[in-house]
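Below is one structure, written out as structure tokens; the observations come after it.
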Amino acid sequence: MLFVKKKDGMMHMCIDYRHLNKLTIKNKYPLPRIDDLFDQLRGASIFSKIDIRSGYHQLRVKEVDIHKTAFRTRYGHYEFLVMPFGLTNAPAAFMDLMNRLFQPYLDQFVVVFIDDILVYSETEAKHDEHLRTVLQVLREKELYAKFSKCEFWLREVTFLGHVVSAEGIKVDPRKIEAILEWKPPRSVSEIRSFLGLAGYYRRFVEGFSVTEKQQEAFEKLKKVLTEAPVLIQLESGKDFTVYSDASNVGLGCVLIQEGKVVAYASRQLKPHEGNYSSHDLELAAVIFALKIWRHYLYGERCIIYTDHNSLKYLLTQKELNLRQRRWIELLKDYDCSIEYHPGKANVVADALSRRAVSDLRAMFARLSLYDDGSLLAELQEFYASEEEFVFRRTLT
Numbered sequence: 001m002l003f004v005k006k007k008d009g010m011m012h013m014c015i016d017y018r019h020l021n022k023l024t025i026k027n028k029y030p031l032p033r034i035d036d037l038f039d040q041l042r043g044a045s046i047f048s049k050i051d052i053r054s055g056y057h058q059l060r061v062k063e064v065d066i067h068k069t070a071f072r073t074r075y076g077h078y079e080f081l082v083m084p085f086g087l088t089n090a091p092a093a094f095m096d097l098m099n100r101l102f103q104p105y106l107d108q109f110v111v112v113f114i115d116d117i118l119v120y121s122e123t124e125a126k127h128d129e130h131l132r133t134v135l136q137v138l139r140e141k142e143l144y145a146k147f148s149k150c151e152f153w154l155r156e157v158t159f160l161g162h163v164v165s166a167e168g169i170k171v172d173p174r175k176i177e178a179i180l181e182w183k184p185p186r187s188v189s190e191i192r193s194f195l196g197l198a199g200y201y202r203r204f205v206e207g208f209s210v211t212e213k214q215q216e217a218f219e220k221l222k223k224v225l226t227e228a229p230v231l232i233q234l235e236s237g238k239d240f241t242v243y244s245d246a247s248n249v250g251l252g253c254v255l256i257q258e259g260k261v262v263a264y265a266s267r268q269l270k271p272h273e274g275n276y277s278s279h280d281l282e283l284a285a286v287i288f289a290l291k292i293w294r295h296y297l298y299g300e301r302c303i304i305y306t307d308h309n310s311l312k313y314l315l316t317q318k319e320l321n322l323r324q325r326r327w328i329e330l331l332k333d334y335d336c337s338i339e340y341h342p343g344k345a346n347v348v349a350d351a352l353s354r355r356a357v358s359d360l361r362a363m364f365a366r367l368s369l370y371d372d373g374s375l376l377a378e379l380q381e382f383y384a385s386e387e388e389f390v391f392r393r394t395l396t
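Under full-length UniProt numbering, the first residue of the sequence shown carries the number 1, and numbering increases by one thereafter.
Take a look at the structure:
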């Protein structure tokens with residue numbers, strides 16, 4: 001057991017439930033298809049978003065199962081009376097609870113995804129009625145929301161990776177900002193880095209080319225790479241693949257389903273991350289991907305490829321630092337496995353993690369070997385919130 005300080009200064013308690021999760025029969029409770037959820041929003045113009053406060057802790061554990069949550073401290077043994085974080089079936093159990101509570105209103109004016117609730121209405125008068133109904137259900141069932149994370153009476157709302165408004169639904173710009181914000185190359189190596197990323201998906205881009213007008217071609221490539229048919233809408237029930245990579249300047253990852261891109265992402269390293277070991281940097285890239293694509297990967301099978309071989313053994317590793325233990329708590333919520341592949345195969349994530357770095361000189365040469373667009377096939381073959389902890393002490 002350990003405590004980790006959160007961004008708001010509160011302490012998050014982490015319990016190692018890896019052994020318990022191995023013995024647990026996985027709950028295959030179906031999470032809703034995101035495209036089905038958004039189909040319900042047609043015609044809506046007013047939105048409110050509610051975030052359940054410490055959601056898992058608001059669900060009691062059955063009396064016969066309480067002993068399974070036991071953990072040891074120097075002050076004695078304790079057991080959780082409510083569902084703790086870190087249990088493999090926690091997301092499915094909580095999703096089941098939310099669906100049962102709001103069943104009369106689903107497909108009418110409520111969308112629920114784990115601990116996120118979206119209330120939508122066609123008019124302000126209806127929204128007032130709908131919002132009161134939802135809040136009344138929460139009050140009656142004694143479920144509490146965190147006010148600082150709630151948003152009310154919005155004309156446009158970001159929900160599950162999309163921006164929703166009366167005009168329709170569009171992709172969240174953050175999904176593709178890694179490409180849209182790519183600065184114009186200023187050296188041969190930087191050009192090769194971007195061409196490596198673009199060339200990887202050139203079989204999806206009609207008329208792929210680079211003209212003599214370098215700046216115009218660069219902007220055109222960015223636009224084409226972030227439009228259909230490169231970025232696809234996901235299909236629930238089909239496995240996902242995540243390629244992640246880290247460099248000395250940033251983290252990069254790409255989400256793929258059936259060989260086609262769903263989203264790109266990258267970010268620069270934060271100052272303190274510059275002191276991370278290479279092992280922790282690669283793990284940080286994995287966690288970065290899971291967090292930003294949570295709404296896609298929850299409840300779905302996912303394989304994460306990394307070029308750091310030791311990450312394969314993370315979940316069985318005995319000696320973990322505080323940071324690694326905190327990240328393992330997050331990993332437990334996902335049905336994912338971590339696999340190794342050589343760095344030279346991870347073209348896209350590598351390029352995203354090294355944006356504007358001059359150490360990708362061999363990338364373009366590598367990609368030239370795959371003029372038939374077979375690189376993707378080869379790759380596939382080769383491979384928050386405040387919390388109240390409620391528990392009881394067990395005498396030993």
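Every residue, glycine too, gets a C-beta built ideally from N, C-alpha and C.
I think residue i touches residue j, with their Cβ atoms under 8 Å apart; what is that distance to the nearest whole Å?
i	j	result
F85	V157	That pair is no contact at about 26 Å.
G55	D115	4 Å
T69	F80	4 Å
What do you reckon, are the CB atoms on residue i and residue j nearer than 9 Å?
i	j	result
R60	M83	yes
K265	A284	Note that residue 265 is Ala in the sequence shown, not Lys. Not in contact: A265 and A284 (Cβ atoms no closer than 9 Å).
V262	L255	yes
F218	K49	no
L118	F159	yes
E282	S337	no
residue 457	I303	Since the first residue shown for the chain is 1 and the last is 396, residue 457 is missing from the structure and cannot be characterised.
Y120	L41	yes
M95	V110	no
I328	L311	no
I66	G161	no
D333	A90	yes
D51	K170	no
Q268	V242	no
Helix, strand or coil, according to DSSP, for residue i in the structure here?
i	result
H127	helix
Y56	helix
M10	coil
K238	coil
L269	coil
V249	coil
D107	coil
F113	strand
L369	With a pLDDT of 36 at L369, under the threshold of 50, the predicted position of this residue should be treated as unreliable, though the coordinate-derived value follows. L369: helix per DSSP, three-state reduction.
K195	The question names Lys, but residue 195 in the sequence shown is Leu. Looking at L195 - three-state DSSP - the assignment turns out to be helix.
A228	Low local confidence applies: a pLDDT of 47 at A228 is under 50, so the model's placement there is unreliable, and no value is given.
F85	coil
E167	coil
E181	coil
Nearest by alpha-carbon distance to residue i: which of the options is it?
i	options	result
S277	L2, S247 and L101	S247
Y298	L143, P30 and H77	P30
N321	K149, C14 and L160	C14
E140	Y313, K22 and F102	F102
I292	F38, C253 and E129	C253
Q317	S187, H272, D16 and I25	D16
If we cut at 9 Å on Cβ distances, does residue i have a partner in chain D?
i	result
I34	Protein chains in the displayed structure number just one, and chain D is not present.
Could you give the uninterrupted runs of the alpha helix (DSSP H) lying entirely in the region 275-334, keeping only those of 4 residues or more? 278-292, 294-297 and 322-331
So within the region 129-165, which uninterrupted beta strand (DSSP E) runs reach at least 3 residues, ignoring any that extend past its ends? 151-154, 156-159 and 162-165
Which full runs of the alpha helix (DSSP H) of 4+ residues lie inside the region 14-81, going along the chain? 18-23 and 34-39
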